[in-house]
Amino acid sequence: MNYYDDQTYAFFDGAYSKVSEIRIDPFSQSLHYGNSIFEGLRAYKTSNGIGIFKARKHFERMAEAAARLGVALPYPIDELIQTSYRLLEINGLQDAYIRPLLYPGANMSLSATPESHLLILTWKWGRLLGDSCVNLTVSDVRLPDANFIEAKVSGRYVHSVMATTAARARGFNDAIMLDSRGHVCGAAGANLFIEKNEVLLTPARGNILPGITRQTVLELAKDMGIQTIEKDLDPSELAQADAAFLAGTAVEITGVESIDGRTMPTPWTDSIGYMINRQYKKLVTNSNAHEWTLI
Ligand code: PMP
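Below, the structure is given as structure tokens:
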């Protein structure tokens, strides 16, 4: 996929620059050790302009991860939001994906470095796993401890890339990942919900990346009178599920067709996930759901 051309701009260290002219330091600590922090946001065209869904929550999560890793984030959150809108405008994008990346400067030692760089990229991106329901497999690549799993740190995604690559080689669309205790975390880049007897179950916080879409799904379910349970989920429960879906900014709400060859007994269009998906689409394209919009 071509992410940019000669006319594509990024925000890089305080200025809007052509992506093709940006130079990244080969001695950047994160290039070697994986300690950069990223976010993934989506902008949607609404009846009242373009809205970036829950922009503040995404940048707050980035700020928390930066503090945890000792990487400086030298911009107030309001400015990061404003910059993202401006970049969409410069690149002429409406429905689009936004990828901020905060990474430490040149430092070959293993201790945190005060210098950091901020890059924001935007591009047009369909749903990460496509528009159809997906076939998943439980990966044998285990995620390490919760501290690491809870922040959107680049190095954490080594496990996701390994798991997804192995799953694709076996004909699946994506992988379900377990933590070191053997509990379900979610998919390689999204949270997982299963449905059992009209109740939605999802792995509890502590061993998951606490997704902003996951939280939105929990809130929508509450509004719709659907019972939800957040708990440690055992892989055996996946094999008993009536239906399942993934939730994340990149995948949005994606239905699950099968897990390890077992087709979900409830068809997607009859599932709770399908109803949630309809509400989710309404929400993200509703201008009232956005703090700011770009006309
Ligand atoms: N889990 C993982 C491992 C992810 O990479 C993502 C995507 N950021 C999510 C869950 C979903 O998070 P969000 O809904 O905030 O995009």
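Residue numbering for the sequence shown follows my numbering, beginning at 176 and increasing consecutively.
For glycine and all other residues, C-beta sits at the position ideal for the given N, C-alpha and C.
No experiment lies behind these values; they were computed from the predicted model shown.
Given residue i, which residues of its chain have a CB within under 6 Å of its CB, disregarding the five upstream and five downstream residues?
{"i": "glutamine 454", "result": "Leu395"}
{"i": "asparagine 452", "result": "Ile428"}
Less than 7 Å between C-beta atoms, sequence neighbours within five positions excluded: which residues of the same chain meet that for residue i?
{"i": "serine 205", "result": "Ser211, Tyr278, Pro279, Ser329"}
{"i": "phenylalanine 347", "result": "Asn310, Leu311, Thr312"}
{"i": "isoleucine 383", "result": "Ile324, Cys360, Gly361, Asn366"}
Find the nearest neighbour of residue i within the set the options, judged by alpha-carbon distance.
{"i": "alanine 414", "options": "Tyr250, Asp320, Thr438", "result": "Thr438"}
{"i": "proline 440", "options": "Asp417, Val374, Ser192", "result": "Asp417"}
{"i": "tyrosine 191", "options": "Gly430, Gly436, Arg261", "result": "Arg261"}
{"i": "alanine 363", "options": "Ala218, Asp200, Ser355, Ser335", "result": "Ser335"}
{"i": "tryptophan 300", "options": "Arg356, Tyr219, His358", "result": "Tyr219"}
{"i": "methionine 352", "options": "Pro385, Arg317, Met337", "result": "Arg317"}
{"i": "phenylalanine 202", "options": "Met283, Gly423, Lys457, Leu458", "result": "Met283"}
At what residues does the alpha helix (DSSP H) containing residue i begin and finish?
{"i": "tyrosine 332", "result": "332-344"}
{"i": "valine 450", "result": "One detail in the question is off: residue 450 reads as methionine in this sequence, not valine. It spans 447-459 - the alpha helix (DSSP H) in which methionine 450 sits, taken as one unbroken run."}
{"i": "phenylalanine 228", "result": "Phenylalanine 228 -> no alpha helix (DSSP H), and no H or E assigned at all."}
{"i": "tyrosine 208", "result": "204-208"}
{"i": "serine 462", "result": "Element bounds for serine 462: n/a, residue is neither H nor E."}
{"i": "aspartate 398", "result": "387-398"}
{"i": "glutamate 264", "result": "252-265"}
Just to confirm before moving on: does the CB-CB distance between residue i and residue j stay below 8 Å?
{"i": "threonine 221", "j": "leucine 263", "result": "no"}
{"i": "threonine 468", "j": "glycine 226", "result": "yes"}
{"i": "arginine 217", "j": "tyrosine 272", "result": "yes"}
{"i": "alanine 240", "j": "lysine 327", "result": "yes"}
{"i": "alanine 281", "j": "leucine 244", "result": "no"}
For residue i, which residues of its own chain have a beta-carbon under 8 Å away from its beta-carbon, when the five flanking residues on both sides are left out?
{"i": "serine 446", "result": "Glu370, Asp417, Ala418, Phe420, Gly430, Met439"}
{"i": "leucine 285", "result": "Tyr208"}
{"i": "asparagine 177", "result": "none"}
Starting from residue i and walking both ways along the beta strand (DSSP E), at which residues does that stretch end?
{"i": "tyrosine 184", "result": "184-187"}
{"i": "histidine 292", "result": "291-298"}
{"i": "tyrosine 219", "result": "216-221"}
{"i": "alanine 418", "result": "418-423"}
{"i": "arginine 274", "result": "271-279"}
{"i": "arginine 317", "result": "309-318"}
{"i": "tyrosine 191", "result": "190-193"}
Given 8 Å as the limit, is there contact between the segment 394-411 and the segment 367-381, that is, 3 or more CB pairs closer than that?
Yes, since at least three Cβ pairs between the segment 394-411 and the segment 367-381 fall closer than 8 Å, the two stretches touch.
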